[in-house]
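Residue numbers (the working numbering): -15 to 557.
Below, the structure written as structure tokens:
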């Protein structure tokens, strides 16, 4: 119930629209009782007494009531749809805003497909709660109250008999509601698992085809799809018993009233018109109860989906990116002092790290895979917060700085340069939103990328495809370097920027990197000797610790791990 109430709390943002919708619902519902009243008047007065001159006005009254009912229903639906879309927009916006504030550690433990399921499926399920919860639920409750009042006014004794099934209907609804939570949770969980697998497999389709894994992956997908089918069928089987059972109990009330009413008619206590009108009222009384049962099913599904939505909204965000001190003009003096960090909170990933980069220096981080090189970069950008020690820029601890201010001073070029599914121009302007075309071409030229961009069908306006699939690895890397040049950061981070490319492409990328690193404090992670040999200082990491440091020549002469890496081609010559 708490989750449903949180969903409806979004409605408070639009009080006037809610009030107008309520007004339309009340007026439309009041029109429901006109036709039973007209029917009673026709059967008890017009026909027996031959007052035929009243028939046409009564018929027009009934027709007018139906017209008013459907007119106000139309207005209510339009208001409801606008209302609901505004609320859903707010909900989606809140979800996306929260996703952007969550720390990377949260994403490390959450499959992308699971997040996509929440946004694409769970929010629409919550949307149905809003649509049907307001439109059907409000109208149904109002109709039950209004018709119930008229039933007691028409014949209190028959009305009491009509209420006999209500305790049984309430017990059935409560039993279904109390047991439905786990069933609907299982459906959402199974749907998320299937979509997560689908997301991974679509992203990895080249690998699946390359390793001829189609049959195995089909089997994995079918397994998750089977789990979703079973969970959904379980919900449907329970519903197949619940809804007809509730309908039977409603029908029982109709039969009881017909039986008692016929006896009352026999004894002369009521007229035929009274019984006919009461039966019509009773139909209008039980119909919205049936609607509420249907709504209960939707609410239970929406509750399970809402739990997943609010799980994201309730996740602890990282520290406000605008909280802290503004980073002044940066010279680029970076220092790590006895820094330690653990991803799991147990075994340290890096510990006891002390290193220094003076303004304009190039620092190379070298070591086997898993030594902690990328972790050190992630700590400088505050993608993760270090557990011990301190990192400073120009003497200011980074944890005291605004994250947004800190990150604006840093350029980051990774091994897999991410391209958004847009144009070359749009991907470049991530580095600088207001860059002119002349500035874009200048940055491309400095990154040795202008020649291939000019050969593209629409040059800067060429769409690069999802994750830059229409570009080669080297082309994406050079656009990434141009993007960093546009930002013109005083501190530069290069994480395996020349990995996985051929010699000629490496030469072009390295030339672009030389332009990029000029006059900047640069941290370089690389396995290739050509990338690190000219660094001002090389730090060698193993098992999360710095075990060697010095220049290329000094480390070769030392004959330690660095020299060994050079000899075994872990650092390629």
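C-beta: ideal position from N, C-alpha, C; glycine also. Computed from a predicted structure; not experimentally measured.
On the three-state DSSP scale, how would you describe residue i?
i: residue 522; result: strand
i: residue 312; result: coil
i: residue 322; result: strand
i: residue -8; result: helix
i: residue 527; result: coil
i: residue 397; result: strand
i: residue 299; result: coil
i: residue 446; result: coil
i: residue 545; result: helix
i: residue 414; result: coil
i: residue 385; result: strand
i: residue 96; result: helix
i: residue 420; result: coil
i: residue 407; result: strand
i: residue 254; result: coil
i: residue 431; result: coil
i: residue 13; result: helix
i: residue 557; result: Reliability of the predicted coordinates at residue 557 is poor, the pLDDT of 46 falling under 50, and the value obtained from them is presented with this limitation in mind. The answer is coil: DSSP assigns residue 557 none of H, G, I, E or B.
i: residue 266; result: helix
i: residue 101; result: helix
i: residue -2; result: coil
i: residue 453; result: coil
i: residue 208; result: helix
i: residue 402; result: coil
i: residue 441; result: coil
i: residue 540; result: helix
i: residue 231; result: helix
i: residue 197; result: coil
i: residue 332; result: coil
i: residue 35; result: coil
Assign residue i to buried or exposed, taking buried as 16 or more other Cβ atoms, counted over all protein chains shown, within 10 Å of its Cβ.
i: residue 54; result: exposed
i: residue 355; result: buried
i: residue 557; result: Low per-residue confidence applies at residue 557: pLDDT is 46, beneath 50, and the placement is therefore not dependable, though the value from the model is reported in the following sentence. By the neighbour-count rule (16 or more Cβ atoms within 10 Å), residue 557 is not buried but exposed.
i: residue 441; result: exposed
i: residue 515; result: buried
i: residue 174; result: buried
i: residue 551; result: exposed
i: residue 348; result: buried
i: residue 155; result: exposed
i: residue 220; result: exposed
i: residue 549; result: buried
i: residue 234; result: buried
i: residue 3; result: exposed
i: residue 401; result: buried
i: residue 37; result: exposed
i: residue 502; result: exposed
i: residue 334; result: buried
i: residue 331; result: exposed
i: residue 392; result: exposed
When DSSP builds the beta bridges, which residues end up paired with residue i?
i: residue 506; result: 346 and 476
i: residue 380; result: 377
i: residue 337; result: 323
i: residue 534; result: 522
Could you pull the start and end residues of the beta strand (DSSP E) that residue i belongs to?
i: residue 120; result: That residue, residue 120, is in no beta strand (DSSP E); it is neither H nor E in DSSP.
i: residue 73; result: Where residue 73 is concerned, there is no enclosing beta strand (DSSP E), although the alpha helix (DSSP H) it sits in stretches over 39 to 85.
i: residue 559; result: The requested residue 559 does not occur in the structure, where the chain is confined to residues -15 to 557.
In the DSSP assignment, find the unbroken alpha helix (DSSP H) run with residue i in it and report its ends.
i: residue 174; result: 150 to 187
i: residue 458; result: 457 to 471
i: residue 353; result: Where residue 353 is concerned, there is no enclosing alpha helix (DSSP H), given that its DSSP letter is neither H nor E.
i: residue 145; result: 140 to 146
i: residue 27; result: Run containing residue 27: none; DSSP gives neither H nor E here.
i: residue 359; result: 357 to 364
With a threshold of 8 Å, establish whether the CB of residue i neighbours any heavy atom of the ligand NAP.
i: residue 419; result: In the structure on display, the ligand NAP does not appear, and there are no ligands present to speak of.
Would you say residue i lies against chain C (beta-carbon separation less than 9 Å)?
i: residue 316; result: Within the model displayed, chain C is absent; a lone protein chain is all it includes.
Inset, instruction - Could you say if the stretch 201 to 213 and the stretch 238 to 246 meet the contact criterion of at least three C-beta pairs nearer than 8 Å? - result: Taking 8 Å as the limit for Cβ pairs, the verdict is that the stretch 238 to 246 does not touch the stretch 201 to 213.
Legend entry - At least three beta-carbon pairs within less than 8 Å, the stretch 38 to 45 to the stretch 12 to 27: Of all C-beta pairs linking the stretch 38 to 45 to the stretch 12 to 27, three or more are shorter than 8 Å, placing the two stretches in contact.
Inset, instruction - Examine the Cβ distances between the stretch 437 to 448 and the stretch 361 to 377 and report whether three or more of them are shorter than 8 Å. - result: Put simply, the stretch 437 to 448 does not touch the stretch 361 to 377. Fewer than three CB pairs are less than 8 Å apart.
Legend entry - Contact the stretch 173 to 180 vs the stretch 95 to 115: 3+ CB pairs below 8 Å: Yes: the two stretches touch, three or more of their Cβ pairs being nearer than 8 Å.
Legend entry - Inter-stretch contact (C-beta, 8 Å, three-pair minimum) for the stretch 258 to 267 and the stretch 225 to 243: By the criterion of at least three beta-carbon pairs nearer than 8 Å, the stretch 258 to 267 is in contact with the stretch 225 to 243.
Inset, instruction - Count the C-beta pairs between the stretch 277 to 289 and the stretch 66 to 82 that are closer than 8 Å, then say yes if the count reaches three, no if not. - result: No, the stretch 277 to 289 is not in contact with the stretch 66 to 82.
Inset, instruction - Take every Cβ of the stretch 336 to 348, pair it with every Cβ of the stretch 528 to 537, and state whether three or more of those distances are shorter than 8 Å. - result: Contact holds: three or more Cβ-Cβ distances are below 8 Å.
Inset, instruction - Flag this pair as touching only if the stretch 83 to 90 and the stretch 285 to 302 have three or more C-beta atom pairs under 8 Å; answer yes or no. - result: The stretch 83 to 90, when compared against the stretch 285 to 302, does touch it at the 8 Å Cβ threshold.
Inset, instruction - Could you tell me whether the stretch 422 to 441 touches the stretch 388 to 405, using the rule of 3 or more Cβ pairs below 8 Å? - result: With a cut-off of 8 Å, the stretch 388 to 405 and the stretch 422 to 441 do not count as touching, because too few Cβ pairs lie within range.
Legend entry - the stretch 124 to 138 touching the stretch 273 to 280, judged by at least three CB pairs closer than 8 Å: In short, these stretches touch, since the Cβ pair count reaches three.
Legend entry - Inter-stretch contact (C-beta, 8 Å, three-pair minimum) for the stretch 129 to 144 and the stretch 286 to 297: With the rule of 3 Cβ pairs closer than 8 Å, the stretch 129 to 144 does not count as touching the stretch 286 to 297.
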